[in-house]
Amino acid sequence: MTLLDAVGVSKHFAGIIALDNVSLDVDEGEIVGLIGPNGAGKTTLFNCLLGLLKPDGGKITFDGRNLTRVATYRRARLGIGRTFQRIELFAGMTPREHFLVAERVRNGRGALWKDLLYLGRPTAAEQAAAQEMLELLGLEAAADSPIESVSLGVGRLVEVGRALMIKPKLLLLDEPSSGLDRRETAELAQKLLTVQREEHIAILLVEHDIELVREMVSRVFVLDFGTVIASGSVDSVFADDAVRRAYLGDAV
Amino acid sequence: MDKLLGALVDGVAFGCVYALLAVGLTLAYKTSGVFNIAFGVQAFVSGAIYYQLHIYNGWGILPSFVIAVLIVAPLLGIVLDRFLFRYLRTASPISRLIVALGLLVAIPQIVLLKFDETDAVNPTGIVPHGLVTYHIFGAVLNRDDLMIIACAALVAIGLALLFRYTALGIRMRAVVESPRMAELAGTDSDRISTMAWILSSLVAGLAGVLLPTVTSGVSDIYYTTLLTAAIAAVVFASLTSIPLAFIGAILLGVIQELLNRYLPTNSLLAQELRPSLPFVVLFLILILSPALRNRREATDPLAGVDPPPPAPAARVRSRELTITTRTLGVVAGLGIGYYVFFHGNDSVVGQATQIAIYSVIFCSIVVITGIGGQVSFAQATFAGIGGFASAQLASNAGMSVLLTIVCAGLLAAVIGALLAVPALRLGGIFLTLATYAFALFFDNVIVSLSWVSGGIFPVVAPRPQLGMIDFANDRAYLALCIVVLVIVGTIVVLVRNGTTGRYLTAVQGSETAAAAVGINPTRARIVAFALSAGIAGVGGALLVSQEGHAGKADFAAQIGLFWLVLVVTLGPRTVEGAIQAAIGFVLFQSRVLTDWLPWIINHVQPFLHVNALPLAVATIFFGLGAVTYARHPEGILEANKTKSLAWVQRRIDAVKNRAERRPENPAPTEQPETVP
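As you go down the protein sequences, you meet chains L and Y in turn. Numbered according to this note's numbering, the first sequence spans residues 6 to 257. Numbered according to this note's numbering, the second sequence spans residues 2 to 677.
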């Protein structure tokens, strides 16, 4: 069943056509790749899906719901989790606290009057959920150190964990491998696949690392100059002439 | 037609006054990254020196001008750069603003130690026979006015050309963006930064000697008022464009002059809108301009080179340490309480009450700045809203005073939330400016209304009464204030450790990431704003009830700036920080300067006998204290507390080790990995 369905999404920036009539769909529990050369419009599409940008045309539905007028934070509550290309962590918090905050949002227990009645502290259930996520991602060692002191690889895992804490139906990953070395990338992919299988989460993966894409996704969309130039299984797409031209130039 | 033309020419002339300041402020922000709210004060320094030399000492125009503008002003710029802002280049724009705020508070008091501003009337400009008038298109302008127009135009054109056509202009902007990156590209950031400060200080100096002919007096208040009016033009230019700042300032002058001429002088609109026009304009530009929406200051791409800020002391302490320090705190508190209640005389009780009340008010700054990460210039205004509301309700509506205190808090919270809704779309410094515009608008318009401040006579604010207890008794009132402080302090701690506090930390850490997990950043901030305003309102109500009346000047915006500087310097993140700031604020004025410091001075040396030190010393001391903010954003007391707590912890560990009779077995020190 289709989980995310973007139909005919367009976005212009002062005369530049960043997205032109782009359609993309992700099924429940499926891993879909989104690739394309730099400047193809991947990030713009991502931001449209998340509500950070408002598309000029087209329609985006998620789980049967029209997202057009839904604010970013509400999309998260509907079940769209995300990570960032340049990692965005909460300064002054430990990885454990990152997970606790996300868990609290999911429980929807954030009211001022509850804080005043001493109900604001993390509950035992929340602590257990955070601990479980730390163990799942192998972050126990860094669990209580300040986030400023962790390495980029750990930071990416914290981002993934934070996104998973909201129990998303769809996880949007924006170049998770950027800044990681081979080994870290492989580990990250492994953990993502495990979680995805266990929780039956759909993933939309924007990635430059073709190896990682091959390893993880079942279908892929190729974006170039704001339009989808090819889509389908990984092998068929890489055999496509248009894709080869977009990536390697006309000479091939 | 002639009347209109005359109004336009007059408006342009007055706009040029704003233009000098607006262009200078834009220049300072563009080249140093500091929203130099002390720019007007820099101008005041030159203005005061010029007046001192030219009028009091009878020097000629030229030597006075050379010393005031060409020597002292750039020197001040060099000092500010070399000893202060150079070290703040990678600090957040907010910390630089706080430091500038400290200077705004301290510098005038330093000047006033030597310069008598009450006698500084009938200043003359920098051209001979400045009062000779000319008729130009139906307007009457004198030579001083023409000089201001010429200087403003020359400065604006010169600077616009500098940034457009010279390498120096581009380098100055590069150094602001990222000093390290500029150095990597082969620019000497220190030298460029010094030149930038010299340049903007020269403009400040020039403005300083020119403006007194318009204000017909030399007082720091005139300069600061004109500067805050000019901020509207600076924001009109998005803080970056010098030509736009110039145009904005001229427009402001023209609109003000047109309102002057064409509004009936006796209408309510005319009386209230005219003086407050710049603040209304500033507020409207801030909340309506799409260009400013969600604008963030540029961040230094090499900022990651700096180590992360230290964690607040509370986060790293062990259980034993908590027990030890809490026990000590409770014992000390009970001891002092016992002394004050049973042995203190009336003045001691009064000061203790003030400390409790100011602690409540300062807790509001802890909520908004320490927990919410926003800087509000309107905290005195919220306290004022609470104070006036409580006094009016009690003396005119006959409400029970305790109830009015609650109402005061609620009213301030509602107004805070209403202000926050449009203002919070703005980031960082623009939000602060919006609160400032609100505070100044309140000062200039709302406070004068008789149903607010009672007009000429202050509103009477009675003491509360509860059953048999009459809080007109000072000791009973002190007890009441302490109870309120305990309640407010508990609320602050619960909120900080609760969901709201953690959401706010998350939003401060990364707004996009917070939204990505489903936190509504706007809602979190509005809650912080409203809570903070409410606490300030309760504090204001307590304050007027202690004083017995609420007057016009009791809650001026400038007072709020001083509070902010004080709390932020000492420790903005904790309730203890707020209490310590209150102790400092009250005791410094009532004890330290009058008794303690003179006693020490008179006892350590026999030559100089001191009776009491001027109050200005406290202002200078705390204002300059803000300079430490950039090094210790967690507050200087907090920083020292971290150090001393570490010492106590070592003592505890030593005792524990001895008690356990085990060989010392230090935990392996973990080497934290660093973010690349």
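Cβ atoms here follow ideal geometry from the backbone N, Cα and C, with glycine treated the same way.
Asked: Assumed close pair residue 107/L, residue 518/Y - CB separation to whole angstroms, cut-off 8 Å; Found: 4 Å
Asked: Environment of residue 93/L [buried if 16+ CB atoms lie within 10 Å]; Found: buried
Asked: Per-residue contacts from residue 204/L into chain Y (C-beta, under 9 Å); Found: By Cβ distance, chain Y contributes nothing, its closest Cβ being about 16 Å from residue 204/L, past 9 Å.
Asked: Members of the segment 497-510 of chain Y near chain L, C-beta cut-off 8 Å; Found: 498, 499, 500, 501, 502, 503, 504, 506, 507, 509 and 510
Asked: C-alpha gap between residue 261/Y and residue 5/Y, whole angstroms; Found: 12 Å
Asked: Own chain partners of residue 160/L with C-beta closer than 8 Å, once the 5 adjacent residues on each side are dropped; Found: 92, 94 and 152
Asked: Residue 252/L at chain Y interface by Cβ criterion, 8 Å; Found: no
Asked: Reduced DSSP secondary structure (H/G/I, E/B, other) of residue 618/Y; Found: helix
Asked: Pairwise C-alpha distance: residue 132/L and residue 483/Y; Found: 36 Å
Asked: Burial state of residue 314/Y (16 or more Cβ within 10 Å); Found: Confidence in residue 314/Y is poor, its pLDDT being 44 and thus under 50, which makes the residue's placement unreliable; the coordinate value appears in the next sentence. Buried.
Asked: Spatial neighbours of residue 79/Y in its chain, beta-carbon cut-off 7 Å, leaving aside the 5 residues before and after; Found: 195, 198 and 199
Asked: Cβ separation of residue 46/L and residue 24/L, assumed to be a contact under 8 Å, to the nearest whole Å; Found: 5 Å
Asked: Within chain L, partners of residue 492/Y - CB distance below 8 Å; Found: 121
Asked: Proximal residues to residue 560/Y (C-beta, below 6 Å), its chain only, five neighbours per side dropped; Found: 381
Asked: Alpha-carbon to alpha-carbon, residue 75/L and residue 32/L; Found: 21 Å
Asked: Minimum Cβ-Cβ distance from residue 230/L to chain Y less than 8 Å; Found: no
Asked: Beta-carbon proximity list for residue 130/Y, same chain, < 8 Å, skipping 5 on both sides; Found: 144
Asked: DSSP-derived helix/strand/coil call for residue 130/Y; Found: coil
Asked: Residue 47/Y classed as buried or exposed, judged by whether at least 16 other C-beta atoms fall within 10 angstroms; Found: buried
Asked: Ranges of the beta strand (DSSP E) found wholly within the segment 48-102 of chain L, counting only runs of at least 3; Found: 62-67 and 85-87
Asked: From 340/Y, 218/Y, 425/Y and 204/Y, residue whose alpha carbon lies closest to that of residue 120/Y; Found: 218/Y
Asked: Cβ contact (3+ pairs, closer than 8 Å) linking the segment 13-32 of chain Y and the segment 224-241 of chain Y; Found: yes
Asked: CB contact check: residue 520/Y to chain L, cutoff 8 Å; Found: yes
Asked: Span of the beta strand (DSSP E), counted from its first residue to its last, around residue 172/L; Found: Taken as a continuous stretch (DSSP letters only), residue 172/L belongs to no beta strand (DSSP E), as it is neither H nor E.
Asked: Pairwise C-alpha distance: residue 181/Y and residue 665/Y; Found: Note that residue 665/Y scores a pLDDT of 48, beneath 50, so its modelled location is shaky; the value from the coordinates is reported in the next line. C-alpha separation (whole angstroms): 45 Å.
Asked: Interface flag, residue 495/Y vs chain L, CB-CB below 8 Å; Found: yes
Asked: Residue 224/L, enclosing beta strand (DSSP E) - first and last residue; Found: 224-229
Asked: DSSP beta-bridge partners of residue 143/Y; Found: 134/Y
Asked: Residue 207/L - partner residues in DSSP beta bridges; Found: 175/L
Asked: Alpha-carbon to alpha-carbon, residue 505/Y and residue 372/Y; Found: 7 Å
Asked: Segment contact flag, the segment 488-502 of chain Y with the segment 57-69 of chain L, C-beta cutoff 8 Å, min 3 pairs; Found: no
Asked: Min CB distance residue 1/L to chain Y below 8 Å; Found: Outside the shown range of chain L (6 to 257) lies residue 1/L, about which nothing can therefore be said.
Asked: Integer Cβ distance of residue 174/L from residue 69/L, believed to fall under 8 Å; Found: Not a contact, Cβ separation roughly 11 Å.
Asked: One or two residues paired with residue 48/Y in a DSSP bridge; Found: Partner(s): none; residue 48/Y has no beta bridge.
Asked: Cβ-based contacts, 9 Å cut-off: residues of the segment 414-442 of chain Y near chain A; Found: The chain labelled as chain A is not found among the protein chains of the depicted structure, namely L and Y.
Asked: Option nearest residue 71/Y by Cα separation, candidates 160/Y, 14/Y and 202/Y; Found: 202/Y
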